[in-house]
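In what follows, a single structure is set out as structure tokens and then discussed.
Given below as structure tokens:
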């Protein structure tokens with residue numbers, strides 16, 4: 003299956019073409035760019051974007067030191083979204099359809115994505131939080147998800163971004179209220195990558211105090227089943243329902259055949275075109291629906 007799109011190649015090039023420090027020697031910058039172009043030019047069509055990003059990042063490390071570039075940004079957005087936590091939870095609890103409302107806020111949280119966007123417009127984020135009810139949710143998929151959650155023994159949420167994880171925590175709280183029989187676990191990134199959630203973020207927002215949280219054993223910005231740690235792999239394989247947050251997890255998992263529900267905000271025009279919706283629309287789609295209707 004062709005997973006790699008031309009738009010993804012162009013986006014990766016745009017994100018990394020200026021990665022070399024301005025003070026770096028010219029010959030080193032030239033060689034870095036040549037290697038970057040080589041990786042992108044030779045990428046096989048069946049590679050997912052998260053795996054391709056991993057190759058680019060590993061190559062960058064050979065030329066220029068890469069620290070935890072987003073450490074402070076992540077703390078900032080985690081703290082910011084925690085300020086909304088109490089207000090958002092009250093809106094969820096008082097809603098006519100609490101699970102749907104929790105999903106809408108979880109989709110809004112997915113706006114905080116430095117992998118898909120160069121910067122985050124905080125005014126736009128605030129606007130989305132205030133108009134969460136305008137985000138459409140596929141009612142057929144929602145009904146199906148609700149039915150499966152009623153009988154699910156184990157649920158796993160595949161986390162995505164900082165800040166967003168606060169809204170995910172509220173979604174999981176609502177599922178716990180409605181389905182107390184379901185054992186809930188969260189899988190986060192095993193190593194820092196862009197602004198994706200790691201164990202440190204999960205601890206900052208209090209997620210580890212409420213749910214089982216497991217690192218996935220890698221720094222790939224997506225969930226690749228064969229690259230999961232044994233512990234994360236066991237949770238993934240044993241889950242009756244998997245909630246997959248974000249575009250990166252979708253890119254790595256779609257058509258996997260597992261009982262996955264993809265939940266994200268269409269930030270890229272490519273995704274909007276793929277799902278035939280407007281940009282910044284919310285998506286709730288099972289892997290079954292994707293295999294049946296989304297042709298890549």
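In our numbering, the protein residues as written are 3 to 298.
Just so you know, even glycine gets a beta-carbon here, dropped at the ideal spot from N, CA and C.
This structure is a prediction, so every number in the text was calculated from the model and none was measured.
Can you tell me the Cβ-Cβ gap for residue i and residue j, rounded? I've got them flagged as a contact below 8 Å.
i           : j           : result
residue 61  : residue 110 : The pair is not a contact, with the Cβ atoms about 34 Å apart (cut-off 8 Å).
residue 51  : residue 253 : 5 Å
residue 138 : residue 283 : 7 Å
residue 157 : residue 184 : 5 Å
residue 80  : residue 266 : Contact flag wrong, Cβ pair sits at about 19 Å.
residue 220 : residue 193 : 6 Å
Just how far apart, CA to CA, sit residue i and residue j?
i           : j           : result
residue 128 : residue 166 : 13 Å
residue 152 : residue 161 : 22 Å
residue 126 : residue 116 : 15 Å
residue 201 : residue 103 : 26 Å
residue 251 : residue 53  : 11 Å
residue 147 : residue 38  : 41 Å
residue 90  : residue 273 : 27 Å
residue 16  : residue 57  : 16 Å
residue 66  : residue 122 : 25 Å
residue 295 : residue 25  : 49 Å
residue 43  : residue 59  : 16 Å
residue 271 : residue 12  : 13 Å
residue 55  : residue 41  : 10 Å
residue 101 : residue 20  : 42 Å
residue 287 : residue 77  : 30 Å
residue 191 : residue 234 : 10 Å
residue 232 : residue 28  : 43 Å
residue 94  : residue 176 : 8 Å
residue 289 : residue 10  : 21 Å
residue 136 : residue 181 : 26 Å
residue 300 : residue 132 : Here the chain comprises residues numbered 3 to 298, so residue 300 is not present and cannot be evaluated.
Can the beta-carbon of residue i be found closer than 8 Å to that of residue j?
i           : j           : result
residue 163 : residue 218 : no
residue 243 : residue 264 : no
residue 2   : residue 206 : Summary: the structure shown does not reach residue 2, with the chain confined to residues 3 through 298, and so no result is reported for it.
residue 119 : residue 269 : yes
residue 159 : residue 247 : yes
residue 245 : residue 189 : no
residue 4   : residue 47  : yes
residue 291 : residue 143 : yes
residue 195 : residue 222 : yes
residue 134 : residue 106 : yes
residue 212 : residue 278 : no
residue 6   : residue 49  : yes
Does the region 246–260 touch the region 219–227, meaning 3 or more C-beta pairs lie closer than 8 Å?
-> Yes: the two stretches touch, three or more of their Cβ pairs being nearer than 8 Å.
Please go through the region 43–96 and give each complete alpha helix (DSSP H) segment of 4 or more residues, from N-terminal end onward.
-> For the region 43–96, whole alpha helix (DSSP H) runs of length 4 or above, ordered along the chain, are 51–65 and 73–95.
Ignoring anything shorter than 4 residues or poking outside the region 146–212, list the alpha helix (DSSP H) runs there in chain order.
-> Segments of the alpha helix (DSSP H) lying fully in the region 146–212: 166–180 and 201–206.
Flag this pair as touching only if the region 69–76 and the region 22–41 have three or more C-beta atom pairs under 8 Å; answer yes or no.
-> no
3-residue-minimum beta strand (DSSP E) runs that sit fully inside the region 226–287, ordered along the chain = 243–247 and 262–267
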